Every structure is written in C-alpha cells, then in structure tokens.
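K.L.:
Sharing a structure below in structure tokens format, with a few things to ask.
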Amino acid sequence: MGSSKSARVRSVVTAIAAALVVAGGVVVGSGTAVADPYCAGAGGPSAEVARIPGAALEGLAVDASGRAYVTDIVSGRVYRIDAPGQAAYPIATVPSGGGGALAWMPDGTLLVGYGADPRVFVGDIVKAAGIVRLDVDTLTVTPFATGLSAANGLAVASDGTVYATNDFGSLIGRIGPDGSVDPAWASFPSANGAVLDAADRYLYVSRTFVNPGVSRIPIADPSAPESVLDLTGLDSFAAPDGLTLDDAGRPVVPLNAGGSVVRIDAPGATCVIGTGTRLTSVVAYGRSDQGFSRGKLFGAGFDGVVREIPGSTA
644 MGSSKSARVR SVVTAIAAAL VVAGGVVVGS GTAVADPYCA GAGGPSAEVA RIPGAALEGL
704 AVDASGRAYV TDIVSGRVYR IDAPGQAAYP IATVPSGGGG ALAWMPDGTL LVGYGADPRV
764 FVGDIVKAAG IVRLDVDTLT VTPFATGLSA ANGLAVASDG TVYATNDFGS LIGRIGPDGS
824 VDPAWASFPS ANGAVLDAAD RYLYVSRTFV NPGVSRIPIA DPSAPESVLD LTGLDSFAAP
884 DGLTLDDAGR PVVPLNAGGS VVRIDAPGAT CVIGTGTRLT SVVAYGRSDQ GFSRGKLFGA
944 GFDGVVREIP GSTA
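Okay, structure coming up:
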C-alpha cells in the first residue's frame, strides 16, 4: 500500500477509534455497559498477549496448531503469532489493502477479506472489496472472490459457502461452493462480525452502528432476521463487533466501545465474560492443546493489541 493511501486509512481508523473511545466513555461512565452479572466462572480484566505497534487489527483466527492470525486494516498485512507472549510477524499482504475478516475453509486454508478501509463507506455501490485464500503452510495467496461490498465479517459453511458483511453498508454477500458471487444475498444494515451456527441454519451478525445489537439471519430465509440482543439508551454506543459462538452455540460479543465482552444466554439475557477490552474488534476461541489453546478466549483490537479474556471457557 502506498504511503499516502496508508496515511488516509490510518486517519480514518484513528477517527473511528477516537469516536469509539468517546462513545465508550459515555457508556462506561454510565455503568450500563458492564451492569450485567458476570458469567459463572468468568470475569476479570483481560491480559495482553501480543502487540503490533501502529496496527489496527480487524480479523482474528486461530489454527489447530495453536497459532493466531490477525489482519491489519492500515497495512493490509496478515500477521502470525506462534504463541501468547511471542512476537507477531507478517506472512502475507492482501492485494489492495484494508485487511478484513478471517475465516477457515473446510480444507484448512484461511480466507482473508480485503477492502476494510474507506471503501466500506461506498461498498454497496462500488463493490470494491474481495477475499483471498491463504495457505498457511506454503504462505501462497490466491484470489478467491471479488465484487463484494466489504468483508468486515466472514463466515464459512461446512459445504464451503461463504458469507461476507459490511458494517458501514447494508449488503451481505454470498460466495457459493462453485465460486459464484452474489454481492446482495441479503440486505441488513451495519452487519459486522459474522459466524454460522453448527448446523449452518443461522448466520449470526453483530449490528454495530444501525439499531445496535445482535441478530441471527435464517439461511433459508434471509429476509426474516431475528434479534437476540437489542442495545438501547446509552448502551447503544457500546459498538458490538466481531462475534463468535461458544461450544454451546451461545454468541460471545465484544463491545468495542463499551470495553467488555458479553455472552448472550437467551434473547435479551446477557452476562459479562471479561472487561478491559476497549477497542477489541473481534474475538475467537483457541483450537489446540498448546499456544492459543482450546477453551480460551482471545480478542484483537484497533489498538494493535491481542488479549486473552481470562476465566471463560468455550
């Protein structure tokens, strides 16, 4: 990415982060963002396990060997971290900057979204975002899909169908197992993080800026979304972001500006998993017996920090 474009992206990210900090100050100052009870066996401040100076992290994924991968909106780089406490190092760069969401394909390759930069503001019109496929063993990057509104969130079904979201637009894209791209599979304003349930029946998305909260979208009928969390009053500034599901299928959501991570146990019923997570844009559970290990929850943020949220289990 050219230095002038990088500077523009950094300015936009900085402005968004500053707005989230201000909004978070309002929410935390009211006490409402952390007023829910702590989840049983959870609670407490997060712990920094890695830092990438100057980066604004948007995507996070953990492989079966316990290594973490993150994307940087500013540089478009994909970084790998071999274990908590070790230094991050770049392994790839997306084609045109704006590193976005990460998601695993059934064959073990890693999908990397790009275009998560100022293009998202006009994503529904220009459809300049796309996805590449990264082989994490050979570090080979190959094209996967283009013509998307954005890829701020990515979710992959068991048959290889991929869904891509835009938190500053309304279009959710779908890429079929045959590679066909439908940039307007669904219209859902400000869908951000994305994750499918184990049966691939519902696409869970966080609603960051428009009617903030969390919804699940039936794959069989995307025109009939169901809300599982509505944030109102001062809580509407909490900025729910890149969510995941635990082993019980419950949504786990970072409140980017609110500075906490919450679990949705039932529609409208939440508890707090951890705090001290201001600017955390995405969370993911570990998948291995080592490194970023199974059962532990990790988050990555616009401040370039990767955190462990202690006391939570998948």
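Counted from 1, the sequence shown has number 882 at position 239 by the numbering used here; the numbering is strictly sequential.
From the three backbone atoms N, C-alpha and C, an ideal C-beta is built for every residue, glycine too.
Since we're looking at a predicted model, the values are computed, not measured.
Since R710 and G938 are thought to touch, with beta carbons under 8 angstroms apart, how far apart are those beta carbons, to the nearest angstrom?
P.N.:
The sequence position of residue 710 within the sequence shown is 67, counting from 1. The sequence position of residue 938 within the sequence shown is 295, counting from 1. With a Cβ gap of about 16 angstroms, R710 and G938 do not count as contacting.
K.L.:
Could you tell me which residues DSSP pairs with I952 in its beta bridges?
P.N.:
Walking along the sequence shown from the start, residue 952 turns up at place 309. When beta bridges are read from the DSSP output, I952 appears opposite L940.
K.L.:
Specify, as a first and last residue, the run of the alpha helix (DSSP H) that I768 falls within.
P.N.:
On the sequence shown, residue 768 is found 125 positions in, with the first residue counted as 1. Unbroken alpha helix (DSSP H) run through I768: G766 to V769.
K.L.:
Go through its chain and collect everything with a Cβ distance to V784's Cβ below 6 angstroms, but skip five positions before and after it.
P.N.:
On the sequence shown, residue 784 is found 141 positions in, with the first residue counted as 1. These residues qualify, in order along the chain: A735, V775 and L777.
K.L.:
Could you pull out every unbroken beta strand (DSSP E) segment of at least 3 residues lying fully inside the region 684-759, listed in chain order?
P.N.:
690-694, 700-705, 711-715, 720-724, 732-736, 745-747 and 753-757
K.L.:
Which two residues bound the contiguous beta strand (DSSP E) that contains D802?
P.N.:
Locating residue 802 in the sequence shown gives position 159, where the first residue counts as 1. Taken as a continuous stretch (DSSP letters only), D802 belongs to no beta strand (DSSP E), as it is neither H nor E.
K.L.:
Write down the C-beta distance between G702 and G741 rounded to the nearest angstrom, noting that I regard them as a contact closer than 8 angstroms.
P.N.:
Against the sequence shown, residue 702 aligns to sequence position 59. Against the sequence shown, residue 741 aligns to sequence position 98. That belief does not hold up - the Cβ atoms of G702 and G741 are roughly 11 angstroms apart, past 8 angstroms.
K.L.:
Return helix, strand or coil for V763, following the three-state DSSP convention.
P.N.:
What you label residue 763 is simply residue 120 of the sequence shown in a count that begins at 1. Note: V763 maps to helix in three-state DSSP.
K.L.:
Between the alpha carbons of A707 and V713, how many angstroms are there, rounded?
P.N.:
On the sequence shown, residue 707 is found 64 positions in, with the first residue counted as 1. On the sequence shown, residue 713 is found 70 positions in, with the first residue counted as 1. Going by the C-alpha atoms only, they are around 15 angstroms apart.
K.L.:
Mapping the DSSP letters down to three states, classify D821 as helix, strand or coil.
P.N.:
The residue given as residue 821 occupies position 178 in the sequence shown. Correct three-state label for D821: coil.
K.L.:
Just tell me which of L797, A842, R817 and T752 has its CA closest to the CA of A927.
P.N.:
Indexing the sequence shown from 1 puts residue 927 at position 284. Closest option to A927, Cα to Cα, is L797.
K.L.:
Does DSSP classify D778 as helix, strand or coil?
P.N.:
If you number the sequence shown from 1, residue 778 lands on position 135. It is coil, neither helix nor strand.
K.L.:
Could you have a look at D840 and say whether DSSP puts it in helix, strand or coil?
P.N.:
Sequence index remark: in the sequence shown, residue 840 carries index 197 (1-based). D840: coil per DSSP, three-state reduction.
K.L.:
Between the Cα of L791 and the Cα atoms of G758, V779 and D780, which residue gives the shortest distance?
P.N.:
Against the sequence shown, residue 791 aligns to sequence position 148. Between L791 and the set G758, V779 and D780, the nearest pair of CA atoms involves G758.
K.L.:
Based on Cα-Cα distance, which residue from D825, V824, L700 and P820 lies nearest to G948?
P.N.:
Counting from 1 along the sequence shown, the entry for residue 948 is found at position 305. In the sequence under discussion, the amino acid at residue 948 is Val, which differs from the Gly named in the question. Put simply, of D825, V824, L700 and P820 the residue whose alpha carbon is nearest the alpha carbon of V948 is L700.
K.L.:
How is G679 classed by DSSP in three states: helix, strand or coil?
P.N.:
To locate residue 679, count along the sequence shown from 1; it is residue 36. The amino acid occupying residue 679 in the given sequence is Asp; Gly does not appear at that position. Here D679 sits in coil by DSSP.
K.L.:
Tell me the DSSP bridge mates of V784?
P.N.:
On the sequence shown, residue 784 is found 141 positions in, with the first residue counted as 1. Per DSSP, L777.
K.L.:
Does the distance from the C-beta atom of T875 to that of G902 stay below 7 angstroms?
P.N.:
Along the sequence shown, read from residue 1 onward, the residue named residue 875 stands at position 232. Along the sequence shown, read from residue 1 onward, the residue named residue 902 stands at position 259. Cβ atoms of T875 and G902: not closer than 7 angstroms.
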